[in-house]
Every structure is written in C-alpha cells, then in structure tokens.
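**Q** Chains as they are written, first to last, in my numbering: chain A, 1 to 265; chain B, 266 to 526. Dropping the structure in here first, questions after.
Below you can see the structure in the form of structure tokens.
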C-alpha cells in the first residue's frame, strides 16, 4: 500500500512538472474541450423548445444532469484517462515502454498500468461544469438537505469510479485481441448513454445501463439522489452494483494478463 | 491508375483486420441509437415534431451513421500526422498528390463498412417499415446521388484543410476536434437543423457544414422545399473550398521544413 501511495504521489509531482514545462497541451484542452458543452446546451435548448418535461426532468434539472455528467467526465479524464489510453501501446509495444515493465514493478500491475498520469487541462472544464450545475439549481427551487448533497457527492465519486472501471474493462480485451482498434472509441460511444436520464432506458436496455454496466451512475443517479427522485433504499443497490463491477473487472484483468505474450520477443 | 492501386492495396489491408470494421460500425451506431431514443421520448403521444415523425428520426440517424461511409471520413488526421512526422516527404517529389492519395486510400474502409452495415440497415428498414415512408421521384433520386457526391467532396476538402493545418500547428487534434464540433452543431449530425434554435439554424445556413450531410438527408426525407437550390449551393461551396484548399496548400508547402529528412 505504501508503494502505491508513493508511486501515485511521485507520478502526480512528475506530471505537474511536465505540465509546467510543456504547457501547450494543457492550454489546448482548456480551450477546446469546453466547446463540446456548447453543443449539449444547444441540444438541451432544442429538446425543451419541444417539451417542458423530458422523462421526468425539467429544463434546469437537465442542466444539472449535463453539468454532473461533465463533472464526472472531467475528473475521469483528469485522473484516469491518459494512463488508461496508453494500455494499447503497452500491450502492442508501440509506446516507449511495454507491459513487460509493468509486470516487473514492485507494485500491483493494474495500479502501475492504469494509474499515474494526470491531465490537468481538465480543471477548466470541471469548473465550467460546476457552473452549469449551479446555474441549473439556481433557476428552480429544490430542497437540498445534507443527505441529498452528501449522496450526490458520493455518487459523483462512484460515477468517476465507473468511468475508470468501464474503460479498464474495454481495454482489458486488448490482452485477448491485441489488434482491436476500437476498444477506446467503443467505450467512449457507450458512455454517451450516461448523459441522459436513467428513465430513458426501459426493459432490457434499462437493465443493462442501470445495473449491469451502470453507465447512468455517471450523471442520472447522482442527480436523482440530489433532487430526491430516487428512494434511499436504492443507495445500497448502486453501491453493491459498483463493487460487483469492481470485483468482476479485477477478475477479468487478472485472467486476461495471463494471455499477454511479451510484445518485444 | 496509381490511385486505383492505392485503393486496392488499402482494401487488401482492411481485410486483414475485418473485426475492426464491425467495431467501428458499432461505435458509429451507438450515439445515433441514443439520440433516436431521446427523440422518441420527446415525441411521446405526438405524431411529429416540426414535421419529423418517428420514421423520419430513424431514417435521419440511420443516414447519419451509414452516410458517414459515403460522405465522411478521417483522413485529415493521417495527412496532419504525415506532415508532423515528415512521412509525406517521400511523396512530395513524386507525381502523386499525397492528400488525394490519403483520401482515396480511406475509401477502402468506407467501402468495406458499407458492406458490413448493409444487413443491419436493411433489418432496421424492414422492422420499422410501417412507420418509414420514403417517396422519391426519379428527379429526387438523381439529386440525392449528386448531393451525396458533392457532400462527400465538400467534407473531404474540409478534412484536407484540417490535415494541412499541420503546416502551422504542432498538434492537429484540437483543429480536428473543433471541426467535429462545428460539423455536429451546424451540420445536423447531432440534431436535425430544423429542430435547432432559430439563431443556430440561421448560422447553419451560412456556414458550409450543412452542405455535407444535411442536404442529402433532407432530400431523402423530402424536407427541403428547393432541393435544386441546395445542390447548387453545394456546388458553389465545392469550388470555394477547392480554391481555399489550393491556396492554403501553396502557402503551407512554402513554409514546410520537411522534418525527418
């Protein structure tokens, strides 16, 4: 455990130094990523020009939903994305280091191969997303008790965890099929389901996105708890689902790395 | 002939990893499925929104997904990376247009993707046949085909401009990202332009992004009052973009330092 903390601490310092030394990438992310919010805001305006209630969400509640999704995305990209996106290079041997290095390090392989790179450019979009949430909340009255706010924060953290686990799940397939080029884009596409209210998905699609791959934890579930739309019994169900997902992803990872045949030999 | 060889070679290499083509089709389909679900939820008990029925939404987003293999593409990034790391150097001294070559090479995965997506397209059209109503006259079919070709050329010219922006910028992905956003918003890839707020709709009529995907799909769905005018504007944009591309290429080549030699 001490090794892991030291590794993450040193990685954080190193990445901060890199960002200060080569700030271009930082500024590119700061400028371009928030532009995506523009599309979503236009989309929300288009939706609510046709209806006042979209699967149980008013316009300003939808703003809170979109802001929350962006918060989860920006935290996920800030902490996890850059390293997880390197897995394909590690496995195929295209990047500077190969997965062989990860196997020989004196810390957990999954921690070394999936954590330790930070994209600080996401800090700016994070604050824009926070502003969108505040904007949505300020335009409609909602009783926000301490339990609502704490549940919201807790499920935002869980949403970020789901971001990590789902990306890891898709990336793990690369051990079995190293030539697959679509894992990251497929994960990215599936995530798009997460930005809409969970009530949009009914029947078997609902079971998939709300429970099996709980993508709706990235926005809808935290907002539903914040606005008191979900019964509190569901709190434990979602926690159980995330831990189950964690357990299965870990199991899959441990099984899949056995298929790794060193890229350099 | 040399470009035909380029295409055939690219087609052969696409066959090596065929599973990726299926994967890319899924990647393209998923956001469209989500958007169809969203519009269906908004429709509720209503028959239509601004003239768009359930069937229209299905055809619209099916076209956005499958039409990507006719109109769309991503070769700008390949051109940009070639300029950045110097791999275009060898082609610059040959009687071969590197940007055109990349554009033609890209048609390989697009052809394969059309073949892969065809069964899914027919299944969708069959399953929703009771709510999909497409009635096109011969004239409209001809205009649709011309519009698809012009849309593809306009898209390729903008993609080429994105690629050769690498003569000036070190990182091409932000330029490509901004282009994607503009296309999604003003080109109707995200929301049918007729359903956008008035100010965005006005801007989309002025900008070139509408003349890639939206004009063909609006002809297909008979949502345009003057398809001939739309195709005419597409043609004008093609000449305009071609002129801009040639000018930017000339300026870029003068500046190019041929990294890697």
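Don't be surprised by glycine CBs; every beta carbon is placed ideally from N, CA and C. Computed from a predicted structure; not experimentally measured.
Residue 115(A) CB to nearest chain B CB: under 8 Å?
**A** For the purposes of this step, residue 115(A) is identified with residue 115 of the first chain, where counting begins at 1. So no, residue 115(A) is outside the interface.
**Q** With burial defined as no fewer than 16 other Cβ atoms inside 10 Å of the residue's Cβ, what is the status of residue 522(B): buried or exposed?
**A** Within the second chain, numbered from 1, the residue matching residue 522(B) stands at position 257. Residue 522(B) should be labelled exposed.
**Q** Tell me, please, which residues DSSP counts as bridged to residue 505(B).
**A** For the purposes of this step, residue 505(B) is identified with residue 240 of the second chain, where counting begins at 1. Its beta-bridge partners do not exist; DSSP assigns none.
**Q** Short of 7 Å in beta carbon distance, which residues of its chain neighbour residue 390(B), apart from the five on each side in sequence? Order them along the chain.
**A** In the second chain, counting from the first residue as 1, residue 390(B) sits at position 125. Cβ neighbours of residue 390(B) beyond the five flanking positions: 397.
**Q** Given that residue 63(A) touches chain B, what residues does it touch there, using C-beta distances under 9 Å?
**A** Position 63 of the first chain, counting from 1, holds the residue named residue 63(A). The premise fails here: residue 63(A) is roughly 15 Å from chain B at the closest Cβ pair, so nothing lies under 9 Å.
**Q** Quick check on residue 314(B): does DSSP put it in helix, strand or coil?
**A** Reading the second chain from its first residue, position 49 is the one you call residue 314(B). Here residue 314(B) sits in strand by DSSP.
**Q** Report yes if the CB atom of residue 507(B) is closer than 8 Å to the CB atom of residue 426(B), and no otherwise.
**A** Reading the second chain from its first residue, position 242 is the one you call residue 507(B). Reading the second chain from its first residue, position 161 is the one you call residue 426(B). Cβ distance not < 8 Å, so residue 507(B) and residue 426(B) don't count as in contact.
**Q** Determine the chain A residues that contact residue 439(B) at a beta-carbon separation under 7 Å, and present them in chain order.
**A** Looking up residue 439(B) in the second chain gives position 174. Within chain A, the residues near residue 439(B) are 28 and 32.
**Q** Taking only the alpha-carbon atoms, compute the straight-line gap between residue 223(A) and residue 195(A) and give it to the nearest angstrom.
**A** Counting from one through the first chain, the residue named residue 223(A) turns up at place 223. Counting from one through the first chain, the residue named residue 195(A) turns up at place 195. Taking the straight line joining both Cα atoms gives about 11 Å.
**Q** Can you tell me whether residue 57(A) is helix, strand or coil according to DSSP?
**A** As a position in the first chain, residue 57(A) is number 57, starting the count at 1. DSSP places residue 57(A) in strand when its eight states are reduced to three.
**Q** Can you give me the C-alpha to C-alpha distance between residue 89(A) and residue 81(A), rounded to a whole angstrom?
**A** By one-based count along the first chain, residue 89(A) stands at place 89. By one-based count along the first chain, residue 81(A) stands at place 81. One C-alpha to the other measures close to 14 Å.
**Q** What distance in whole Å lies between the Cβ atoms of residue 225(A) and residue 138(A), which are believed to be in contact at a cut-off of 8 Å?
**A** Start at 1 with the first residue of the first chain, and residue 138(A) comes out as number 138. Start at 1 with the first residue of the first chain, and residue 225(A) comes out as number 225. Contact flag wrong, Cβ pair sits at about 19 Å.
**Q** Please name the residues in the stretch 10 to 26 of chain A whose beta-carbon is closer than 8 Å to at least one beta-carbon of chain B, in chain order.
**A** For the stretch 10 to 26 of chain A, which is checked against every Cβ of chain B, the residues closer than 8 Å are 24 and 25.
**Q** Counting only Cβ pairs nearer than 7 Å, list the residues of chain B close to residue 233(A).
**A** By one-based count along the first chain, residue 233(A) stands at place 233. Per Cβ cutoff of 7 Å: no residues; residue 233(A) is ~26 Å from chain B at best.
**Q** Taking the straight line between their C-alpha atoms, what separation do you get for residue 301(B) and residue 201(A)?
**A** As a first step, residue 301(B) must be located in the second chain, where it is residue number 36. As a first step, residue 201(A) must be located in the first chain, where it is residue number 201. Cα to Cα, residue 301(B) sits roughly 12 Å from residue 201(A).
**Q** With 8 Å as the C-beta to C-beta threshold (strictly closer), list the residues of the stretch 295 to 311 of chain B near chain A in chain order.
**A** Flagged, chain order: 295, 296, 299, 302, 303, 306, 307 and 309.
**Q** Tell me whether residue 265(A) sits in a helix, a strand or coil according to DSSP, three-state version.
**A** As a position in the first chain, residue 265(A) is number 265, starting the count at 1. Residue confidence is low: residue 265(A) scores 49 on pLDDT, short of 50, so the model does not pin down where it sits. Its coordinate-derived value is still stated next. Residue state, collapsed to three classes: coil.
**Q** Taking 8 Å as the cut-off, decide whether the C-beta atoms of residue 20(A) and residue 71(A) are in contact.
**A** The residue you call residue 20(A) lines up with position 20 of the first chain. The residue you call residue 71(A) lines up with position 71 of the first chain. Result no, Cβ atoms of residue 20(A) and residue 71(A) do not sit closer than 8 Å.
**Q** Taking residue 285(B) as the query, report the chain A residues whose CB atoms sit under 9 Å from its CB, ordered along the chain.
**A** Locating residue 285(B) in the second chain gives position 20, where the first residue counts as 1. Within chain A, the residues near residue 285(B) are 179, 180, 181 and 182.
**Q** Starting from residue 438(B), follow the alpha helix (DSSP H) in both directions and report where the run begins and ends.
**A** Residue numbering aside, residue 438(B) sits at position 173 when the second chain is read from its first letter. 438 to 451 is the span of the alpha helix (DSSP H), which, as asked, contains residue 438(B).
**Q** Over the uninterrupted alpha helix (DSSP H) stretch that includes residue 343(B), give me the two end residues.
**A** If you number the second chain from 1, residue 343(B) lands on position 78. It spans 340 to 350 - the alpha helix (DSSP H) in which residue 343(B) sits, taken as one unbroken run.
**Q** Which term fits residue 68(A), buried or exposed, when burial requires 16 or more other beta carbons within 10 angstroms of its beta carbon?
**A** Within the first chain, residue 68(A) is the residue found at index 68, counting from 1. The residue in question, residue 68(A), is buried, as its Cβ has 16 or more Cβ neighbours within 10 Å.
**Q** Residues in the same chain with beta-carbon distance under 6 Å from residue 249(A), minus the five sequence neighbours each way, listed in chain order, please.
**A** Looking up residue 249(A) in the first chain gives position 249. Once the five neighbours on either side are set aside, the close Cβ partners of residue 249(A) are 165, 168 and 169.
**Q** How far does the alpha helix (DSSP H) with residue 285(B) in it extend, from its first residue to its last?
**A** Residue 285(B) sits at position 20 when you count from the first residue of the second chain. First-last of the alpha helix (DSSP H) with residue 285(B): 283 to 308.
**Q** Going along chain B, which residues have a C-beta under 8 Å from residue 55(A)?
**A** The sequence position of residue 55(A) within the first chain is 55, counting from 1. 306, listed in chain order.
**Q** For residue 334(B), count neighbouring Cβ atoms within 10 angstroms of its own Cβ and tell me buried if that reaches 16, exposed if not.
**A** As a first step, residue 334(B) is located in the second chain; it is residue number 69 there, counting from the start. Its Cβ being crowded by 16 or more others within 10 Å, residue 334(B) is buried.
**Q** Let me know if residue 227(B) comes out buried or exposed under the rule of 16 or more other beta-carbons within 10 Å of its beta-carbon.
**A** Any question about residue 227(B) goes unanswered here, given that chain B covers just 266 to 526.
**Q** Do you know offhand how far residue 215(A)'s Cα is from residue 294(B)'s?
**A** Position 215 of the first chain holds residue 215(A). Position 29 of the second chain holds residue 294(B). Straight-line Cα distance between these residues: approximately 17 Å.
**Q** Spatial neighbours of residue 288(B) within its chain, please: C-beta separation below 8 Å, excluding the five flanking residues on both sides.
**A** Along the second chain, one-based indexing puts residue 288(B) at 23. Same-chain partners within the cutoff: there are none.
**Q** Shorter than 8 Å from the beta carbon of residue 460(B) to some beta carbon of chain A?
**A** Here residue 460(B) is taken as the residue at index 195 of the second chain, counted from 1. Interface residue, yes.
**Q** Would residue 486(B) pass as a contact of residue 475(B) if the rule is Cβ separation under 8 Å?
**A** As a position in the second chain, residue 486(B) is number 221, starting the count at 1. As a position in the second chain, residue 475(B) is number 210, starting the count at 1. In this structure, residue 475(B) does not lie closer than 8 Å to residue 486(B) by Cβ.
**Q** Classify residue 189(A) as buried or exposed, calling it buried when 16 or more other Cβ atoms lie within 10 Å of its own Cβ.
**A** By 1-based counting over the first chain, the position of residue 189(A) is 189. Looking at its Cβ environment, which holds 16 or more other Cβ atoms inside 10 Å, residue 189(A) is buried.
**Q** Using CA atoms only, rank isn't needed, just tell me which of 61(A), 38(A), 176(A) and 24(A) is closest to residue 254(A).
**A** For the purposes of this step, residue 254(A) is identified with residue 254 of the first chain, where counting begins at 1. Taking only the C-alpha atoms, the option nearest residue 254(A) is 176(A).
**Q** Any beta carbon from chain A within less than 8 Å of residue 446(B)'s own beta carbon?
**A** In the second chain, residue 446(B) corresponds to position 181, counting from 1. Taking Cβ atoms only, chain A reaches closer than 8 Å to residue 446(B), which makes this a yes.
**Q** For residue 50(A), which residues in the same chain have their Cβ closer than 6 Å to its Cβ, ignoring the five residues on either side in sequence?
**A** One-based indexing of the first chain puts residue 50(A) at position 50. Taken in chain order, the list of residues that qualify is empty.
**Q** Give every residue of the same chain whose Cβ lies closer than 6 Å to the Cβ of residue 472(B), excluding the five residues on either side of it in the sequence, and list them in chain order.
**A** Looking up residue 472(B) in the second chain gives position 207. If we look at residue 472(B) and ignore the five residues flanking it on each side, its Cβ neighbours are 451.
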